[in-house]
Amino acid sequence: MTKKQTIHLIGAARPNFMKIAPLYHELKRRSWCDPVLVHTGQHYDQGMSDVFFRDFGLPAPDLALGIGGGTHGEQLGKVVMAYEKALTDAPPALVTVVGDVNATAACTLAAKKLNLPVAHVEAGLRSRDRTMPEEINRLVTDSICDLHLTPSQDADENLLAEGVPASCIHFVGNIMIDSLVAMQPAIKAQPHPFPQLDGRRYGVATFHRPANVDDGAMLKVLVEGLTALAARLPLILPLHPRTRARLQAAGLLAGLEATAGMTLCEPLGYTDFMRCVFGAALVVTDSGGVQEETTYLGIPCFTARTSTERPITVTLGTNRLIAVADIAGLPVDAAHGAQAKPLPLWDGKTAVRVADLFEMYLSAGAPLRQG
Ligand code: UD1
Ligand code: UDP
Numbered sequence: 001m002t003k004k005q006t007i008h009l010i011g012a013a014r015p016n017f018m019k020i021a022p023l024y025h026e027l028k029r030r031s032w033c034d035p036v037l038v039h040t041g042q043h044y045d046q047g048m049s050d051v052f053f054r055d056f057g058l059p060a061p062d063l064a065l066g067i068g069g070g071t072h073g074e075q076l077g078k079v080v081m082a083y084e085k086a087l088t089d090a091p092p093a094l095v096t097v098v099g100d101v102n103a104t105a106a107c108t109l110a111a112k113k114l115n116l117p118v119a120h121v122e123a124g125l126r127s128r129d130r131t132m133p134e135e136i137n138r139l140v141t142d143s144i145c146d147l148h149l150t151p152s153q154d155a156d157e158n159l160l161a162e163g164v165p166a167s168c169i170h171f172v173g174n175i176m177i178d179s180l181v182a183m184q185p186a187i188k189a190q191p192h193p194f195p196q197l198d199g200r201r202y203g204v205a206t207f208h209r210p211a212n213v214d215d216g217a218m219l220k221v222l223v224e225g226l227t228a229l230a231a232r233l234p235l236i237l238p239l240h241p242r243t244r245a246r247l248q249a250a251g252l253l254a255g256l257e258a259t260a261g262m263t264l265c266e267p268l269g270y271t272d273f274m275r276c277v278f279g280a281a282l283v284v285t286d287s288g289g290v291q292e293e294t295t296y297l298g299i300p301c302f303t304a305r306t307s308t309e310r311p312i313t314v315t316l317g318t319n320r321l322i323a324v325a326d327i328a329g330l331p332v333d334a335a336h337g338a339q340a341k342p343l344p345l346w347d348g349k350t351a352v353r354v355a356d357l358f359e360m361y362l363s364a365g366a367p368l369r370q371g
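Everything in the sequence shown is counted per UniProt numbering, starting at 1 for the first residue and increasing by one.
If you want it as structure tokens, here you go:
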């Protein structure tokens, strides 16, 4: 019997797990390959990591690098060193990175230095804001990886404009939506995490971008905006650890907790969070993935950022870019679900397309990108 091809799937932070899970399960069904889960450990809290393994039915990581937090330089350097060692000890047939977190760029760099093939799922997204740490990770990853698997056609255009050979670019659709499609029935069936809000009009808010929460003046405007909005529409606000730490340091946490209409909580697991989103009249966020999930569901989404790497959520979806100062006055009476429409290849079958492509690529000898 021929040996199974080993495929690494890299997870590091919260938004990675809903992207690797569908691919892990699809590859597991294929007899020719063996998916190996690698967790760099960038996110390590139960509510930022373990809960997603449970929600998505993933086994414990095969390889846990245990890198933890740190400055960006520390995180990148430690991942490159640890992953290089793992790759040298047991080189896989293919490394798969997702999204735009530090490990996406670091694992790509480690693998490419060893001339191993790398596939990037969610390639080609660009905010064109190079002050965003994620934009640097996207540019670094896409400039050297071998297979660019894109969620939308704007991403193909970005890659072609940057000189990526067309033969390396494959429009496969949005893999996060695979998780949403697969989990939708279970999410709908589960009880609402906040029963007092079930069936009422409420909003969901998530914030963690350094541009919004690390700057003291901006954080104050954000808190004032959310406080004013909560007076008009009850809000669920699961606090990202970065945001909680900044609020605490600025002395703003206790006030926010005591705000009328505000349900402040720890980060939620995927099914709990999506259960809240399913029932929401609106979502206000600076998340990348939440812009896509609300677009798929047709839920009005207001993104407090100056740019988005996911422009299709604005042009074809329900997303609107706003200033943080606009949060207080957001319209709270938008019709739920009114704008839901299918986006090309956001259909729950992206993992199947990616697995088919991997099979073809590896059976062709995994040609590395030239140029
Ligand atoms: C990271 C990603 C970002 C993504 C976000 C998703 C990069 C450059 N950033 O940002 O793209 O949108 O994850 O949530 O990769 N912390 C904990 N427990 C944890 C994780 C983090 O307490 O489990 C705290 C630590 O104090 C840490 C801080 O949060 O210093 C920020 O974490 P970090 O992973 O550096 O960046 P994120 O803001 O989470
Ligand atoms: N999410 C979650 N619990 C929360 C907040 C978000 O499960 O409390 C999910 C959300 O549904 C989406 C993903 O986390 O699937 C997005 O991650 P995040 O906003 O942290 O990162 P980004 O997408 O901005 O990189």
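Cβ atoms here follow ideal geometry from the backbone N, Cα and C, with glycine treated the same way.
Predicted model, so just to flag it, every value in this text is computed and none were measured.
What separation, rounded to the nearest whole angstrom, lies between the Cα atoms of residue i and residue j?
i: CYS276; j: ALA254; result: 23 Å
i: SER152; j: LYS341; result: 15 Å
i: LEU149; j: GLY173; result: 8 Å
i: PRO59; j: GLU84; result: 23 Å
i: PRO92; j: MET274; result: 34 Å
i: MET132; j: THR2; result: 45 Å
i: ASP34; j: VAL354; result: 15 Å
i: PRO344; j: GLY251; result: 45 Å
i: GLU359; j: GLY69; result: 35 Å
i: PHE53; j: GLY288; result: 20 Å
i: LEU94; j: LEU362; result: 8 Å
i: ILE236; j: ARG138; result: 31 Å
i: residue 374; j: GLN5; result: Missing from the structure shown is residue 374; the chain here goes from 1 to 371 and no further.
i: ILE312; j: ASP154; result: 8 Å
i: ILE327; j: LEU229; result: 7 Å
i: GLY57; j: ALA366; result: 30 Å
i: ALA105; j: VAL140; result: 6 Å
i: THR227; j: TYR24; result: 41 Å
i: LEU159; j: LYS28; result: 30 Å
i: ARG128; j: THR306; result: 10 Å
i: LEU114; j: LEU368; result: 12 Å
i: ASP178; j: ALA249; result: 38 Å
i: SER143; j: LEU116; result: 15 Å
i: THR308; j: GLU134; result: 11 Å
i: LEU180; j: MET18; result: 8 Å
i: CYS265; j: LEU256; result: 11 Å
Specify, as a first and last residue, the run of the beta strand (DSSP E) that residue i falls within.
i: ILE236; result: 235–238
i: HIS192; result: Taken as a continuous stretch (DSSP letters only), HIS192 belongs to no beta strand (DSSP E), as it is neither H nor E.
i: PRO35; result: 33–39
i: HIS148; result: 147–150
i: ILE322; result: 319–322
i: LEU345; result: From DSSP, LEU345 is part of no beta strand (DSSP E); its letter is neither H nor E.
i: THR96; result: 94–98
i: ILE169; result: 169–171
According to the neighbour-count rule (16 or more other Cβ atoms, all chains shown, within 10 Å of its Cβ), is residue i buried or exposed?
i: ASP356; result: exposed
i: ASN319; result: buried
i: THR88; result: exposed
i: ALA123; result: buried
i: LYS112; result: buried
i: THR315; result: exposed
i: HIS43; result: buried
i: MET81; result: exposed
i: ALA161; result: exposed
i: THR350; result: buried
i: ALA258; result: exposed
i: LYS78; result: buried
i: ARG130; result: exposed
i: ALA103; result: buried
i: SER49; result: buried
i: ALA205; result: buried
Secondary structure at residue i, three-state DSSP: helix, strand or coil?
i: MET262; result: strand
i: ARG138; result: helix
i: CYS301; result: strand
i: ALA280; result: coil
i: CYS107; result: helix
i: PHE56; result: coil
i: ALA64; result: strand
i: LEU226; result: helix
i: GLY77; result: helix
i: HIS43; result: coil
i: VAL314; result: helix
i: THR71; result: coil
i: THR2; result: coil
i: THR308; result: coil
i: residue 416; result: The requested residue 416 does not occur in the structure, where the chain is confined to residues 1 to 371.
Need the endpoints of the alpha helix (DSSP H) that residue i sits in, please.
i: ARG242; result: 241–249
i: ALA205; result: Segment 203–206 is the beta strand (DSSP E) holding ALA205; no alpha helix (DSSP H) there.
i: VAL121; result: Unbroken run through VAL121 is the beta strand (DSSP E), 118–121; no alpha helix (DSSP H).
i: ILE7; result: No alpha helix (DSSP H) holds ILE7; the beta strand (DSSP E) holding it covers 5–11.
i: ARG353; result: 350–363
Tell me whether residue i counts as near the ligand FMN, meaning its Cβ is closer than 7 Å to at least one heavy atom of that ligand.
i: GLY269; result: Absence of the ligand FMN from the depicted structure is noted, with the ligand UD1 and the ligand UDP being the only ligands included.
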